[in-house]
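The listed protein sequences derive, respectively, from chains A and B. Take the first sequence: its letter number 51 is residue 36 in the working numbering, and every next letter is one higher. Take the second sequence: its letter number 204 is residue 189 in the working numbering, and every next letter is one higher.
Number of protein chains: 2
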Amino acid sequence: MAEKPSGTENKGPRRARAPLQSAQERNGEPPLSLPRIVATAVDLLDAEGVDGLTMRRLADRLGAGAMSLYWHVENKEKVFDLALDSALQYPASPQVADTLDWREDVVRLLEDWRVCMLRHPWSASLLPRRALGPNILGRLELLSSTLSRAGVADADLNAAIWSLWNYVIGATITRANFDRTDDDRTAAQQRVTGLSERYPTIERSRLLLDSDWDGTFRKGLDFLIDGIATKRE
Amino acid sequence: MAEKPSGTENKGPRRARAPLQSAQERNGEPPLSLPRIVATAVDLLDAEGVDGLTMRRLADRLGAGAMSLYWHVENKEKVFDLALDSALQYPASPQVADTLDWREDVVRLLEDWRVCMLRHPWSASLLPRRALGPNILGRLELLSSTLSRAGVADADLNAAIWSLWNYVIGATITRANFDRTDDDRTAAQQRVTGLSERYPTIERSRLLLDSDWDGTFRKGLDFLIDGIATKRE
DNA sequence: TCATCAAATAGTACGGTGTACGAGTCACCA
DNA sequence: TGGTGACTCGTACACCGTACTATTTGATGA
Chain A
-14 MAEKPSGTEN KGPRRARAPL QSAQERNGEP PLSLPRIVAT AVDLLDAEGV
36 DGLTMRRLAD RLGAGAMSLY WHVENKEKVF DLALDSALQY PASPQVADTL
86 DWREDVVRLL EDWRVCMLRH PWSASLLPRR ALGPNILGRL ELLSSTLSRA
136 GVADADLNAA IWSLWNYVIG ATITRANFDR TDDDRTAAQQ RVTGLSERYP
186 TIERSRLLLD SDWDGTFRKG LDFLIDGIAT KRE
Chain B
-14 MAEKPSGTEN KGPRRARAPL QSAQERNGEP PLSLPRIVAT AVDLLDAEGV
36 DGLTMRRLAD RLGAGAMSLY WHVENKEKVF DLALDSALQY PASPQVADTL
86 DWREDVVRLL EDWRVCMLRH PWSASLLPRR ALGPNILGRL ELLSSTLSRA
136 GVADADLNAA IWSLWNYVIG ATITRANFDR TDDDRTAAQQ RVTGLSERYP
186 TIERSRLLLD SDWDGTFRKG LDFLIDGIAT KRE
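Written out as structure tokens, the structure reads:
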């Protein structure tokens, strides 16, 4: 009985690759492999959203049969885990934060994180309910060490980390899911306006019309960092 | 052709109710109605989670055929919308916040919000991607007016509201979805420990072992409110 | 060269899903 | 009495994840 490579590092098919190096583009079908599956899953998720990822469609894109995926992957769940962590890879160097200004470091760290998740709008909602992969842990580690070096008291460190995490997650999920177009926003705000005088403050501040997501994100982040800054020792 | 009552207020079945007032408990089947559907959906979601809500199961619980639901409700999506807003009702008076201390008001407001969502752990993840119902808007309005009365500058008001929203949403989603049991947490932290020295800070701070969710939530909220407080005029 | 064998691929099938469609049932009114 | 419109529901369809089984394939040892 063949043994699944699940749990261990997948060593890939042992089939003889065409000696012509990497460019066997349209040479029949390139073989199924975990990296290829994950990359294709990310593409599919980007293109079709969370509901668009089905094992059959994924297999189709890979030119394979649906059940073949299960040789490389335990579950559909596992595909989500792997795609998520893959989408959250650092684009470049993992050692970004090392300026003199720790505030600026934290901001850059989290803005990059957010941008990265917004590039894959399905990722933010998935993140809190999936296992923490190495890339996600890496970002958390970087955040932790930056705060620690900045002098955040040990007693406050975890609270600071989690609060920043919570903020970024919440902001990004909200951003990625809320009504995207101007029309949607106007409609929402008009619903509030029309629905009577039950929401005067929301109406006055035009809360639902606010479209400066980036600026609002930055402002809120500043609030939070300001609060954390007062707790340094 | 019969016309669906969708979009308008559902006035309920016009069938003659049994004259004996409200107690027709086990009198055959009580009629399907929007409120009953929504209430049952909340129950089902509480009991079985997001994936547990199925039109067929929901109908079963109501003693009805699956397709009968569609007379009262457009979609399964609509069921989610209604269940969500229903779950976020205020338990008691909608006018809670009116103490002298605005910070305390905001904390009470958001802690109540969080507790309410945690009572229905499916609700937090759903909230950002569904339409804002009246109860949700009510909570937002209360938050807005409290902050406004506290003297938060108009230029900062929306950012303050959204940052608090983001924080609560993020914290609650994380709390509701992360590994629940002590064992899970220890396993996660041990994965970090064992996985090498790539995550020294996380390991040292025992970030993933932290189980004081309530305290951490409150601390982070204090950070944020501290930051907002400095922006008052 | 060929038999062997595990790695890898794929087809079929099963029980589940949301819901379109059309056929009922029943209270009411002309 | 016959219709009308509110409401219920059985059937059917396309799609889902995946268990099970059969098949192909390439490397290896004889």
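Where a beta carbon is used, it is the ideal one built from N, C-alpha and C, also for glycine.
Report the neighbours of residue i on chain A: residues whose CB is nearer than 7 Å to its CB, in chain order.
| i | result |
| --- | --- |
| B:Asn162 | Pro113 and Arg114 |
| B:Leu95 | Going along chain A, no residue has its Cβ under 7 Å from B:Leu95, so there is no contact; the nearest lies around 12 Å. |
Examine chain B for any beta-carbon lying closer than 8 Å to the beta-carbon of residue i, and answer yes or no.
| i | result |
| --- | --- |
| A:Phe65 | no |
| A:Ile213 | yes |
| A:Asp195 | yes |
| A:Ala173 | yes |
| A:Leu122 | yes |
| A:Val103 | Residue identity check: residue 103 of chain A is Leu in the sequence provided, not Val. Not an interface residue. |
| A:Ser7 | Confidence is the limiting factor: at A:Ser7 the pLDDT is only 29, short of 50, which leaves the residue's position unreliable, though a coordinate-based value still follows. Taking Cβ atoms only, chain B never reaches closer than 8 Å to A:Ser7, which makes this a no. |
On the DSSP letters alone, give me the boundaries of the alpha helix (DSSP H) that residue i sits inside.
| i | result |
| --- | --- |
| B:Trp98 | Trp87 to Arg104 |
| A:Ser148 | Asp139 to Asn162 |
| A:Trp198 | Trp198 to Ala214 |
| B:Ala26 | Leu19 to Glu33 |
| A:Leu127 | Pro119 to Ala135 |
| A:Arg191 | That residue, A:Arg191, is in no alpha helix (DSSP H); it is neither H nor E in DSSP. |
| A:Val52 | What sits at residue 52 of chain A in the sequence shown is Met, not Val. It is not in any alpha helix (DSSP H) - A:Met52 carries neither H nor E in the DSSP assignment. |
| B:Leu180 | Here B:Leu180 belongs to no alpha helix (DSSP H), and DSSP marks it neither H nor E. |
| A:Leu67 | Lys61 to Ala72 |
| B:Ala109 | Ser108 to Leu111 |
| B:Leu47 | Run containing B:Leu47: none; DSSP gives neither H nor E here. |
Counting contacts by CB-CB distance shorter than 8 Å, is residue i in contact with chain A?
| i | result |
| --- | --- |
| B:Ala144 | yes |
| B:Val27 | no |
| B:Thr39 | no |
| B:Val177 | yes |
| B:Arg192 | Contrary to the premise, residue 192 of chain B reads as Leu rather than Arg in this sequence. Yes, its Cβ sits closer than 8 Å to a Cβ of chain A. |
| B:Leu18 | Per the sequence presented here, residue 18 of chain B reads as Ser, with Leu not at that position. B:Ser18 does not count as touching chain A. |
| B:Leu117 | yes |
| B:Arg217 | no |
| B:Asn12 | Low per-residue confidence applies at B:Asn12: pLDDT is 44, beneath 50, and the placement is therefore not dependable, though the value from the model is reported in the following sentence. Answer no: the Cβ-Cβ gap between B:Asn12 and chain A never drops below 8 Å. |
For residue i, which residues in chain A fall below 9 Å Cβ to Cβ?
| i | result |
| --- | --- |
| B:Tyr75 | Going along chain A, no residue has its Cβ under 9 Å from B:Tyr75, so there is no contact; the nearest lies around 13 Å. |
| B:Ser110 | Ser110, Pro113, Arg114 and Ile158 |
| B:Leu69 | Those within 9 Å of B:Leu69 in chain A number zero; the least Cβ separation is about 13 Å. |
| B:Ser133 | Thr186, Arg189 and Ser190 |
So which residues of chain A does residue i contact, with C-beta pairs closer than 8 Å?
| i | result |
| --- | --- |
| B:Asp207 | Gly212 |
| B:Glu126 | Arg183, Tyr184, Pro185, Thr186 and Ile187 |
| B:Leu30 | Within chain A, no residue comes near B:Leu30; the closest Cβ sits about 15 Å away, beyond 8 Å. |
| B:Ser130 | Pro185 and Thr186 |
Since residue i meets chain B, which of its residues come closer than 7 Å, beta carbon to beta carbon?
| i | result |
| --- | --- |
| A:Phe151 | Checking the sequence shown, residue 151 of chain A turns out to be Asn, not Phe. Chain B residues near A:Asn151: Tyr152, Gly155, Ala156, Thr159 and Gly205. |
| A:Thr201 | Asn143, Ala144 and Trp147 |
In its own chain, which residues sit with a C-beta less than 8 Å from the C-beta of residue i, not counting the 5 before and 5 after it?
| i | result |
| --- | --- |
| B:Asp167 | Ser196 |
| B:Leu103 | Ala109, Thr157, Arg160 and Ala161 |
| B:Arg217 | Ala135, Gly136, Val137 and Ala138 |
| A:Leu209 | Ser148, Leu149 and Tyr152 |
Sorted by chain position, which residues of the same chain lie with C-beta nearer than 7 Å to residue i's C-beta, five sequence neighbours on each side aside?
| i | result |
| --- | --- |
| B:Gln74 | Asn120 |
| A:Ser53 | Leu17 and Ala44 |
| B:Arg46 | Thr25 and Leu29 |
| B:Asp31 | His105 |
| A:Gly34 | Trp107 |
| A:Ser133 | Leu142 |
| B:Arg170 | Asp164, Leu193, Leu194 and Ser196 |
| B:Ala72 | Val27, His105 and Ser108 |
| B:Gly50 | Ala44 |
| A:Asp70 | Gly118, Pro119, Asn120 and Ile121 |
Once the 5 residues before and after residue i are set aside, which same chain residues still bring their CB inside 6 Å of it?
| i | result |
| --- | --- |
| A:Pro185 | none |
| A:Ala144 | none |
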